[in-house]
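Heads up, the thing below is written out as structure tokens.
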Amino acid sequence: MSFFDAGRPRALAALCLLAGGLALSGCTGRPLYAGGLTTDVMAPDGQLVSLRGRIAVSEAGNRTIQIVRNALLFRLNQGTRVSEPLYTVALSGSGSEIGIAVEPGGQAAASLYYMSASYTLTRNSDGTVLATGTRTETVPFDRTGQLYQSQRAVIDARDRAGKAVAGQIELEIARALTKAGV
């Protein structure tokens with residue numbers, strides 16, 4: 046048997062392995078072209094669209110949670126005013142800045158804004174807690190010697206972190222409501 050004949054089964058096996066990997070790469074948890082199903086349950090044609098305007102979010106205790114609350118209200122209700130809520134989301138949390146790079150003068154040059162928010166989803170009819178948890182987000186930002194720019198960078202980082210945390214909480218709420226059979 047020559048050298049090329051010995052390599053032929055290996056090449057064929059590698060080709061089959063590659064073809065199998067490509068065929069399986071399109072596999073997901075459900076059929077790709079399933080009718081009427083979307084991956085976003087809160088989308089305009091999603092499963093939970095009937096709950097728009099029916100999920101209340103508790104009042105915020107500080108500015109950091111107010112950012113999360115505003116983003117979450119918009120994500121859950123799409124601008125629909127909340128009336129006769131079926132579910133309530135209680136929020137609490139905090140945010141802080143952590144300097145990670147310091148200039149020779151002692152001023153922070155690069156920082157991280159760390160936000161943590163805890164949530165509890167409750168069914169109003171019977172007081173059943175459907176979901177509870179904590180979500181965190183860390184957003185990097187730079188500081189300069191300019192006071193206004195540094196203050197604006199912190200505000201922007203806090204806004205980005207708040208919107209990201211709201212997105213994480215929205216996914217958990219949608220998962221809990223779907224699991225509860227809504």
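Count along the sequence shown from 1, add 45, and you get the number used in our numbering. No residue lacks a Cβ here, since even glycine has one placed at the ideal position from N, Cα and C.
It is roughly 12 Å from the alpha-carbon of residue 121 to the alpha-carbon of residue 113.
Counting only runs of at least 3 residues, the region 147-186 fully encloses the following beta strand (DSSP E) elements, listed from N- to C-terminal order: 153-168. Residue range 192-224 is occupied by the alpha helix (DSSP H) that includes residue 210, with no beta strand (DSSP E) assigned at that position. Between residue 162 and residue 200, the beta carbon gap of about 17 Å keeps them out of contact (Cβ cut-off 8 Å).
Burial state of residue 210 is buried, judged by a 10 Å Cβ sphere holding 16 or more other Cβ atoms.
For residue 102, the enclosing beta strand (DSSP E) has its first and last residue at 100-102. Distances from the CA of residue 138 to each of 180, 94, 194, 55 were compared; the closest alpha carbon is that of 180. Around the Cβ of residue 143, a 10 Å sphere holds fewer than 16 other Cβ atoms; the residue is exposed.
Three or more pairs of CB atoms, one per stretch, sit closer than 8 Å, so the region 145-160 contacts the region 180-199. Taking 8 Å as the upper bound for CB-CB distance, residue 103 and residue 135 are in contact here, some 5 Å apart. Counting along the chain, residue 113 sits inside the alpha helix (DSSP H) bounded by residues 108-122.
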